[in-house]
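Here's the structure, in structure tokens; my notes come after.
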Amino acid sequence: MKSVVIEKPNTLVIAERPVPEPAAGEVRVKVKLAGICGSDSHIYRGHNPFAQYPRVIGHEFFGVIDTVGEGVDRSRIGERVSVDPVISCGHCYPCSIGKPNVCTSLVVLGVHRDGGFSEYAVVPAKNAWPIPDAVPDEHAVMVEPFTIAANVTGRIKPTENDIALIYGAGPMGLTTVQALKRVYKVKTVVITDRIEERLSMAKRCGADWVINNGQQSLHDFLAEKELKPTIIVDAACHPSILQEAITLASPAARIVLMGFSSEPCQIVQQGITGKELSIYSSRLNANKFPVVIDWLVNGLINPNQLITHTFDYHHVTDAIELFEKDQQHCCKVLLTFTE
Ligand code: NAI
Ligand code: MN
Ligand code: ZN
Numbered sequence: 003m004k005s006v007v008i009e010k011p012n013t014l015v016i017a018e019r020p021v022p023e024p025a026a027g028e029v030r031v032k033v034k035l036a037g038i039c040g041s042d043s044h045i046y047r048g049h050n051p052f053a054q055y056p057r058v059i060g061h062e063f064f065g066v067i068d069t070v071g072e073g074v075d076r077s078r079i080g081e082r083v084s085v086d087p088v089i090s091c092g093h094c095y096p097c098s099i100g101k102p103n104v105c106t107s108l109v110v111l112g113v114h115r116d117g118g119f120s121e122y123a124v125v126p127a128k129n130a131w132p133i134p135d136a137v138p139d140e141h142a143v144m145v146e147p148f149t150i151a152a153n154v155t156g157r158i159k160p161t162e163n164d165i166a167l168i169y170g171a172g173p174m175g176l177t178t179v180q181a182l183k184r185v186y187k188v189k190t191v192v193i194t195d196r197i198e199e200r201l202s203m204a205k206r207c208g209a210d211w212v213i214n215n216g217q218q219s220l221h222d223f224l225a226e227k228e229l230k231p232t233i234i235v236d237a238a239c240h241p242s243i244l245q246e247a248i249t250l251a252s253p254a255a256r257i258v259l260m261g262f263s264s265e266p267c268q269i270v271q272q273g274i275t276g277k278e279l280s281i282y283s284s285r286l287n288a289n290k291f292p293v294v295i296d297w298l299v300n301g302l303i304n305p306n307q308l309i310t311h312t313f314d315y316h317h318v319t320d321a322i323e324l325f326e327k328d329q330q331h332c333c334k335v336l337l338t339f340t341e
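This is the structure we're talking about:
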């Protein structure tokens, strides 16, 4: 089989590898579609501190089970599945309280273990979530990015009375807009970015207001519209954003951080305690695949509004370069793996 392998930083090859055999409790997935994410590019460029090389990248993928390992029901062969990349031990403290996404021995497919940019991938059977017939392939491949939004929103339980402010209209900001508007029916969603094209996508995803904070003061805009955000999600992840969010937030608001910056960020405690703000973080997803599959079955979210390009996996280098260089026109870029 062919696999997309990052041999070492900045060296990507399409390698011939033996088709893997599933171990006990695993299934083998014949991959059909995969999505490119910022973290794939970071591993490729050597900017992911968790990555080990060589590595088959890809943690957003969909395919069909073509064989199963010992102990797995053979009737699963032929099932269409989306794969949860989060592999957890099941018995540590975070696992015991329903947070496998921060398992003390967390393994993420495509980061710590070979992932889905490959003709075949072996994964734990319980990570392969069956996709109902009504959900098309290109929606199924988008389950993982929407689980990030499901995790963010699951932390804060949005209501119809909330006013949400989202920083960043990349894939993560846009999945969050869709979840807030279409699943939780949040009253007002404001999103800010510096890229006009991305703000247009945010409008199509349901945002009520889009603000280019490279051109306009976010503070002035919110003041003029008399909007006090009760939810703020940082999906842009610059360390300077937290203090601004604390300043802009309504009393009793909740703020969700998604960033992995290692740079210090300076904040004034008074603003947090004075308004009794709740500051959350969100990493990957905790058992959110069935939640998002349900959203898809019920037509609540529309992944097509994020997909801008599709490439055959032979052109993966072009696909990643375009994804990295053209944020104006790229949002989710998919790879197809058909023979
Ligand atoms: P992206 O890079 O495509 O989008 C970020 C957007 O933020 C860009 O459109 C950029 O123009 C905008 N931006 C940057 N600085 C800004 C500022 N000061 N104000 C307003 N907008 C600003 O990235 P993507 O894929 O949407 O991911 C967003 C972030 O979330 C990344 O930092 C990524 O590392 C992180 N992430 C976190 C996850 C988690 O589970 N915690 C999962 C996936 C991504
Ligand atoms: Mn991703
Ligand atoms: Zn664990």
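In terms of this note's numbering, the sequence shown opens at residue 3 and continues consecutively. Glycine is no exception: its CB is placed at the ideal position from the N, C-alpha and C atoms. It should be emphasised that the depicted structure is a prediction, and the values quoted were computed from it without experimental measurement.
If you compare the alpha carbons of Thr340, Lys334, Phe339 and Thr338 with that of Ser43, the shortest gap goes to Lys334. The region 126 to 136 and the region 252 to 260 do not touch, with fewer than three beta-carbon pairs separated by less than 8 Å.
Within the DSSP secondary-structure output, His311 pairs in a beta bridge with Val335. The Cβ neighbour count for Ile8, taken over all protein chains shown within 10 Å, is at least 16; the residue is labelled buried. Each of Leu35, Gly27, Pro11 and Asn12 was checked against the Cα of His316, and the nearest Cα belongs to Leu35. If you keep only unbroken alpha helix (DSSP H) runs of at least 4 residues inside the region 184 to 264, you get 198 to 206, 220 to 226 and 243 to 250. A distance of 8 Å or more separates the beta carbons of Gly40 and Pro11. Approximately 7 Å separates the beta-carbon atoms of Val191 and Ile168; this is inside 8 Å, confirming the contact. Of the candidates Glu246, Thr149 and Glu146, the residue whose Cα lies closest to the Cα of Gln271 is Glu246. Glu278 and His61 have their C-alpha atoms some 37 Å from each other. Checking the DSSP bridge columns, you'll see Lys10 partnered with Thr13. Contact annotation: Ile165 and Gln329 have beta-carbon atoms that are not nearer than 8 Å. Shortest Cα-Cα distance from Ile67 to any of Val124, Leu182, Gln307 and Ala237 involves Val124. Remark: three or more beta-carbon pairs, one from each stretch, lie closer than 8 Å, so the region 280 to 291 and the region 142 to 149 are flagged as touching.
Ile322 sits away from Ile79, with the two beta carbons spaced by 8 Å or more. The beta carbon of Asp195 sits closer than 7 Å to at least one heavy atom of ligand 1.
Exposed is the label assigned to Thr312, since fewer than 16 other Cβ atoms lie within 10 Å of its Cβ. Leaving aside the five residues that flank Ala130 on each side, the residues in its chain whose CB is nearer than 6 Å to its CB run, in chain order, Val29, Val83 and Val85. Taking 8 Å as the cut-off, the Cβ atoms of Ala237 and Gly172 count as close. Across the set Gln217, Ser242 and Ser280, the C-alpha of Ser242 shows the shortest separation from the C-alpha of Cys267.
DSSP assignment within the region 8 to 87 yields the following whole alpha helix (DSSP H) runs of 4 residues or more, N-terminal first: 40 to 47. If you check the CB distance, Gly71 and Val33 do not come in under 8 Å.
Of the residues Ile89, Val58 and Thr177, the one whose Cα lies closest to the Cα of Gly27 is Ile89.
Spatial neighbours of Met203 in its own chain (CB-CB distance under 8 Å, excluding positions within 5 residues in sequence) are listed in chain order as Ala171, Leu176, Gln307, Leu308 and Cys333. If you measure from each CB to the nearest heavy atom of ligand 3, the residues under 5 Å come out as Ser90, Cys91, Cys94, Cys97 and Cys105.
Its Cα nearest to that of Leu298, the residue Val143 stands out among Val110, Val143, Asn103 and Lys230.
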